[in-house]
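Protein chains in written order, with the numbering used here: chain A, 3 to 267; chain B, 35 to 346.
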């Protein structure tokens with residue numbers, strides 16, 4: 003317990019030193035001010051931002067889309083905010099000192115992983131909730147469906163961070179982790195749309211390869227396809243991307259643990 | 035048999051090889067024991083394997099073969115480090131932390147609560163003369179201040195064995211003296227101190243025993259007194275040129291170094307110096323001084339390394 007609180011506090015101070023907090027709170031503050039100062043405008047003859055003059059569903063759907071876009075943008079920024087933390091932790095001259103303490107390697111790196119994720123989750127939750135509260139206040143409508151969206155994006159960031167963490171342990175480089183993530187992300191987003199090119203592939207082996215790759219790779223984009231239905235009180239589109247990406251993320255974390263356990267520092 | 039504080043049994047470590055490039059044998063079958071309460075120095079030129087040896091003992095490196103133990107607990111087991119502490123060379127303490135926060139962080143990793151660390155930190159910072167710097171960020175520290183903080187960090191958990199890799203590196207002479215005094219005090223308290231240092235004079239002045247490593251091989255282990263126990267050497271300074279007796283001296287002392295007005299030679303016993311003095315007097319050469327030259331650990335160290343490489 004003492005080791006976790008020490009790592010959490012150290013990570014908090016490092017994140018503060020890297021100005022990640024300031025960027026988030028500045029962005030959130032600007033958006034809150036913009037939402038509060040937004041002038042009323044009209045859609046289809048209905049005056050917006052007064053809640054009672056337009057259909058409820060339109061407000062719920064609009065808020066869900068706005069929050070989903072916001073979550074997506076903030077998660078995108080979190081990748082940059084968190085990628086350098088593991089390589090810094092593994093920096094020569096620092097890791098030897100940590101390893102010389104009576105703590106197992108597995109525990110040490112797992113605590114660091116947990117501390118980084120926890121702090122990033124707090125930043126994401128805090129800033130987006132603030133914006134959501136401002137939007138709810140302005141629209142005169144508070145929809146708890148937002149919590150479902152928050153959980154989906156927290157899960158998405160957990161999955162993404164598992165990859166960034168694994169790449170960080172393997173490469174000892176924040177830049178390589180970010181690049182690796184974007185390569186996987188673009189590749190898997192393309193794979194998600196593989197059916198569009200099936201017509202050109204016929205029953206060829208390429209079709210089987212694409213299908214196979216789709217199933218064994220994470221599905222970061224598709225995980226959040228469920229966010230808008232959840233925020234608008236509808237049923238999830240599919241839970242397969244969530245649990246398959248969860249399994250892959252567990253494997254990635256286990257790979258990182260095994261590499262860290264065996265590596266010389 | 036008494037339990038050793040530190041023990042290495044046939045310890046070897048190889049880096050690289052195969053697709054990872056050229057194979058480098060950093061440690062080659064090193065066996066060593068350090069007794070509890072001993073101040074032990076590990077010497078060797080750059081790349082000798084000193085840091086590799088310490089890093090294996092502290093769990094940062096895995097041995098290729100052999101075993102390393104702290105109080106008989108294998109170093110692959112993290113519990114072996116319960117009684118140990120380390121001040122690495124070229125450490126990089128998190129610059130965004132203050133000295134106090136850094137102590138709390140590493141104390142926490144060792145299983146201590148923040149309040150426990152804070153209770154001890156004040157006194158420790160005072161011991162290393164950093165009491166007024168505890169709340170300043172490390173990025174503002176000088177190299178010497180970081181070494182002192184590193185030493186405080188190593189002492190935080192009240193360890194039985196302390197590994198110090200170049201502890202006085204970057205520290206001014208006064209600071210070095212203070213660190214030496216702290217180490218002597220720790221030794222008096224019964225702590226085992228394992229010192230890696232390039233400063234041979236430092237090792238010579240405070241260590242009970244010394245081991246010399248070169249190219250991963252243990253060349254010699256023994257008390258400092260034994261290591262510097264070489265033939266007594268004297269320099270005889272004269273008023274007149276000694277060239278006329280040079281041939282006679284070289285015939286009995288082939289390794290003598292003779293300049294125009296001085297002779298430096300190593301002797302097996304004190305009687306021999308009288309023979310040389312008699313020879314000079316017989317040739318009407320006035321003696322100005324007979325200066326005993328004490329071979330330092332550095333001289334002996336150089337000689338050992340050279341001898342080892344010649345043998346190889």
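Backbone N, C-alpha and C fix where the C-beta goes; we use that ideal spot for every residue, glycine too.
- Shown here, residue 106 of chain A sits in coil according to DSSP, grouped into three states, outside any helix or strand.
- Between the alpha carbons of residue 65 of chain B and residue 44 of chain B lies a distance of about 5 angstroms.
- Neighbours of residue 95 of chain A in chain B, taken as residues whose beta carbon is under 7 angstroms from its own, are 122, 124, 125, 126 in chain order.
- Pairing residue 189 of chain A with residue 180 of chain A, the inter-Cα distance amounts to about 14 angstroms.
- The Cβ atoms of residue 168 of chain B and residue 134 of chain B lie closer than 7 angstroms to each other.
- Restricted to the segment 80-146 of chain A, the alpha helix (DSSP H) segments that are unbroken, complete and at least 4 residues in length are 87-91, 97-101, 107-141, listed in chain order.
- Note on residue 84 of chain B: 16 or more other CB atoms within 10 angstroms of its CB, so buried under the neighbour-count rule.
- Annotated three-state conformation of residue 59 of chain B is strand, per DSSP.
- The C-alpha of residue 140 of chain B lies about 36 angstroms from the C-alpha of residue 56 of chain B.
- According to DSSP, residue pairing for residue 228 of chain B in a beta bridge involves B:74, B:197.
- Put simply, the backbone Cα of residue 303 of chain B is about 12 angstroms away from that of residue 310 of chain B.
- Among the residues facing chain A, residue 116 of chain B is included, as its CB has a counterpart in that chain under 7 angstroms away.
- Residue 155 of chain B is outside the set of residues whose beta carbon lies under 7 angstroms from a beta carbon in chain A.
- A direct Cα-to-Cα measurement between residue 82 of chain A and residue 60 of chain B gives close to 38 angstroms.
- Between residue 258 of chain A and residue 167 of chain A, the C-beta spacing is below 7 angstroms.
- In terms of Cβ geometry, residue 161 of chain B and residue 182 of chain B do not form a close pair [threshold 7 angstroms].
- Three or more pairs of CB atoms, one per stretch, sit closer than 8 angstroms, so the segment 59-73 of chain A contacts the segment 143-156 of chain A.
- Residue 7 of chain A and residue 145 of chain B have their alpha carbons spaced roughly 10 angstroms apart.
- Between the segment 187-200 of chain B and the segment 222-233 of chain B, the count of C-beta pairs closer than 8 angstroms reaches three or more; the two stretches touch.
- Comparing C-alpha distances from residue 136 of chain B to each of A:107, A:100, A:250 shows the shortest one belongs to A:100.
- Taking the C-beta atoms as reference points, residue 308 of chain B is found no nearer than 7 angstroms to residue 253 of chain B.
- In the three-state reduction of the DSSP assignment, residue 107 of chain B falls in the strand class.
- Within the segment 73-97 of chain B, the residues whose Cβ lies closer than 7 angstroms to any Cβ of chain A are, in chain order, 89, 92, 93, 94, 95, 96.
- Taking a beta-carbon distance threshold of 7 angstroms, residue 147 of chain B counts as an interface residue toward chain A.
- From the beta-carbon of residue 101 of chain A, the residues of chain B found nearer than 8 angstroms are 92, 93, 94.
- For residue 244 of chain B, the uninterrupted beta strand (DSSP E) run begins and ends at 243-248, by DSSP.
- Comparing alpha carbon positions, the residue from A:234, A:122, A:267, A:248 closest to residue 220 of chain A is A:248.
- Each residue's CA atom was taken as its position, placing residue 128 of chain A and residue 26 of chain A some 9 angstroms apart.
- Here DSSP, grouped into helix, strand and coil, assigns residue 239 of chain A to coil.
- Under the three-state reduction of DSSP output, residue 84 of chain B falls in the helix class.
- Note that the segment 120-130 of chain B touches the segment 94-109 of chain A; at least 3 beta-carbon pairs, one per stretch, sit closer than 8 angstroms.
- A residue is called buried once 16 or more other Cβ atoms fall within 10 Å of its Cβ, and residue 131 of chain B is buried on that count.
- In the structure shown, residue 293 of chain B falls within a coil segment according to DSSP collapsed to helix, strand and coil.
- In chain order, 103, 104 make up the part of chain A whose C-beta sits under 7 angstroms from the C-beta of residue 144 of chain B.
- Note that the C-beta distance between residue 79 of chain B and residue 47 of chain B is not below 7 angstroms.
- Separation of the CB atoms of residue 89 of chain B and residue 193 of chain B is rounded to 17 angstroms, and the pair is thereby denied contact status at 8 angstroms.
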